[in-house]
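Take a look at the structure below.
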Amino acid sequence: MKTILETLDSGTQWLQSKGVDTARRDMQLLLCHQLECTKIQLYTRFDQPLDEAQLAPLRDMLKRRGQREPLQHILGTVEFYRREFYTDARALIPRPETEELCEIVLSELHSASPARVLDMGTGSGVIGLTLAAEFGPKSHITCADISTKALELTQKNKQLLGVENVDLIESDSFSQLADQRYDLIVANLPYVPLSDKPTLEAELDYDPALALYSGQDGLDLLREFTQQAPQFLNPNGKIALEIGIHQYQEVEQLLDRAGFSSIHTYSDLSGIQRFPTATWQEAQEPEAPSTEHTPLTD
Ligand code: GLN
């Protein structure tokens with residue numbers, strides 16, 4: 002029989018041989034999951050032997066991870082902004098940088114709860130549902146996505162969080178949101194350039210392609226979004242986006258051309274300019290026609 006420590010060591014080595022960068026951490030988390038304990042509890046039980054009933058499911062999980070299936074899919078849940086969410090192949094795995102997007106919205110853009118919020122391309126729902134829980138019942142959040150399957154997962158997460166101030170809508174971009182106006186639109190749209198595909202880590206194959214890629218340069222959906230968003234914003238409404246590395250200058254230009262003001266891109270914790278934000282000012286009065294006479298006036 003193997004002890005917990007021996008299992009941890011041999012599993013780590015095996016995952017390393019499969020090219021998993023975070024082999025030891027992943028093996029610890031798989032053990033914690035199987036034994037239903039915390040990491041600290043795991044350390045205090047290192048000498049404890051594991052029986053076959055505990056080892057068999059662990060072997061299955063290890064095999065999946067060795068095939069580079071993401072740990073989050075194997076565990077089935079992920080922590081996001083201090084809450085637990087379900088995650089699976091129906092939507093993009095929530096990433097830590099997206100927690101930073103929520104933080105920017107909550108601490109920089111909206112000290113008071115906005116009445117109407119849209120999470121465009123909600124996926125698992127982490128952004129919209131987190132904002133629903135943090136803003137509370139004074140806000141109403143619409144979580145929109147083109148994918149029926151993703152919305153099934155959003156619904157499951159809505160129930161898990163127990164938030165009521167949320168509705169879900171299947172919509173290809175803004176197509177099903179005619180005449181709606183929001184005070185805040187948040188979006189983590191697909192932004193990975195198709196041209197990057199061959200160089201990406203194996204785990205990304207498990208995210209839906211629909212949630213990752215957006216044309217050769219990754220900006221197809223952001224181009225469409227920046228043009229359409231103004232029609233769906235109340236005066237002084239704000240947008241907050243997540244984008245990829247090296248995209249911020251182009252996205253700031255798109256926002257500028259669409260007529261947004263107060264354009265500012267926040268960096269993520271790695272220093273990448275990751276989160277463009279902007280405001281839609283109240284429509285300007287059209288300029289009064291000039292009354293000056295020119296020599297050609299009769
Ligand atoms: N941050 C993700 C990645 O590069 C992509 C998320 C997205 O396209 N919205 O792995």
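As numbered in my numbering, residues 2 to 299 make up the sequence shown, in order. We put the CB at the ideal spot given by N, CA and C, even for glycine.
- request: For D310, write down the residues that DSSP places opposite it in a beta bridge.
  value: Nothing in the structure corresponds to residue 310, since the chain is present only between 2 and 299.
P50 - partner residues in DSSP beta bridges: T4
message: Checking 8 Å against the spacing of the C-beta atoms, do P277 and L220 come in under that value?
response: no
- prompt: Where does H34 sit, in a helix, a strand or coil, going by DSSP?
  reply: helix
- request: Please confirm whether T155 and T131 have their CB atoms less than 8 Å apart.
  value: no
- prompt: Can you list, in chain order, the residues of its chain whose CB lies under 6 Å from that of A203, leaving out five sequence neighbours each side?
  reply: R69
query: What is the DSSP secondary structure of G216, counted as helix, strand or coil?
result: coil
query: Any idea what DSSP makes of I244, helix, strand or coil?
result: coil
- request: Would you identify the three-state DSSP class for Y183, choosing helix, strand or coil?
  value: strand
- prompt: Which whole-angstrom value describes the C-beta separation of R275 and E98, a residue pair presumed to lie in contact below a C-beta threshold of 8 Å?
  reply: 6 Å
- request: Out of A259, E109, P115 and A24, state which residue places its alpha-carbon closest to the alpha-carbon of K64.
  value: A24
task: Could you tell me if the beta carbon of E243 falls within a distance shorter than 7 Å of some heavy atom in the ligand GLN?
output: yes
field: Span separating the alpha-carbon of L32 from that of T88
entry: 19 Å
query: Does the ligand GLN have a heavy atom nearer than 7 Å to the CB of Y207?
result: no
- prompt: Between which two residues does the alpha helix (DSSP H) harbouring Q274 extend?
  reply: First-last for Q274: Q274 to W281, but that is the beta strand (DSSP E), not the alpha helix (DSSP H).
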